[in-house]
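K.L.:
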Amino acid sequence: MGDSGGMTVARATVTELREFAAEAGVEGVDADADLGGGWSVVYCADQPDGVAAALTRRTGAPVLAVAFLDSDVGFIEGATFAGGRWKALLNRDTAEDYEIPVDRFPVDAALAGALDWAAAGGLTADPEAVRAVLTGSEAFAEDLAERLLGALGIESAAPGEDDA
Numbered sequence: 104m105g106d107s108g109g110m111t112v113a114r115a116t117v118t119e120l121r122e123f124a125a126e127a128g129v130e131g132v133d134a135d136a137d138l139g140g141g142w143s144v145v146y147c148a149d150q151p152d153g154v155a156a157a158l159t160r161r162t163g164a165p166v167l168a169v170a171f172l173d174s175d176v177g178f179i180e181g182a183t184f185a186g187g188r189w190k191a192l193l194n195r196d197t198a199e200d201y202e203i204p205v206d207r208f209p210v211d212a213a214l215a216g217a218l219d220w221a222a223a224g225g226l227t228a229d230p231e232a233v234r235a236v237l238t239g240s241e242a243f244a245e246d247l248a249e250r251l252l253g254a255l256g257i258e259s260a261a262p263g264e265d266d267a
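Count along the sequence shown from 1, then add 103; that gives the number in this note's numbering.
1) Pull up the distance between the alpha-carbon of Ala170 and that of Ala222, whole angstroms please.
2) With C-beta atoms as the reference, is Thr238 less than 8 Å away from Val210?
3) Less than 8 Å between the beta carbons of Ala148 and Asp135, yes or no?
4) Note down the Cα distance separating Ala254 from Ala213, rounded to an integer number of angstroms.
5) Grab the span of the beta strand (DSSP E) containing Asp211 for me, first residue to last.
6) Where Ser98 and Trp189 are concerned, what is the direct C-alpha to C-alpha distance, given to the nearest angstrom?
7) Within a Cβ cutoff of 7 Å, which residues of the same chain sit near Ala168, ignoring the five residues on either side of it in sequence?
8) Can you check which of these residues, Leu218, Ala215, Asp175, is closest to Thr197 by C-alpha distance?
9) Reducing DSSP to helix, strand and coil, say where Asp137 ends up.
10) Taking only three categories from DSSP, how would you classify Leu167?
11) Can you tell me which of the three DSSP states Gly239 falls into?
12) Whole-angstrom Cβ separation of Phe208 and Ala228, contact assumed at under 8 Å?
13) Would you say Leu193 and Gly177 are within 8 Å of each other, going by their C-beta atoms?
14) Helix, strand or coil: which one does DSSP assign to Glu202?
15) Give the straight-line distance between the Cα atoms of Thr118 and Ser143, rounded to the nearest whole angstrom.
In structure tokens form, the structure reads like this:
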């Protein structure tokens, strides 16, 4: 992978999410997918800070955005329509190698925010799996982001038989 960029997940059709993302300043959308259950994802070259909150206002649903740093670290931003916001960091050990202050991304606060986010989206999250992702390590932060979606209850991103 070895790239920077990001992904944005929302309860919207792929067409809607692409349109809303462009309106919110997301640049270079190069891929997308229908995740099922009304959830979609777009992958992009760049997205502005605050994109989750901007898209939440547009979709009326929870939005999760992840910005990747060289596929090594992921910066998560989650927002709900009711105003809930949370931030998290993926690949904390690698983030420390980049001298990113991981203490600015407390795991317990991120876990609480993630669980509230999932509930607001009508999803059933697995708290232990979410914690494992938030404290875990992978070669690519994108892999952790995909695991997080599954842990939050987005079924098509959940581990399945193909992962066995």
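Positions of the beta carbon are idealized from the N, C-alpha and C atoms, including for glycine.
P.N.:
In short:
1) 23 Å
2) yes
3) no
4) 13 Å
5) Counting along the chain, Asp211 falls outside any beta strand (DSSP E), though it belongs to the alpha helix (DSSP H) covering 210-223.
6) Because residue 98 is not part of the residues shown, which for the chain are 104 to 267, the question remains open.
7) Gly109, Thr111, Gln150, Val154, Ala155, Glu180
8) Asp175
9) strand
10) strand
11) coil
12) About 18 Å; that fails the 8 Å criterion.
13) yes
14) coil
15) 9 Å
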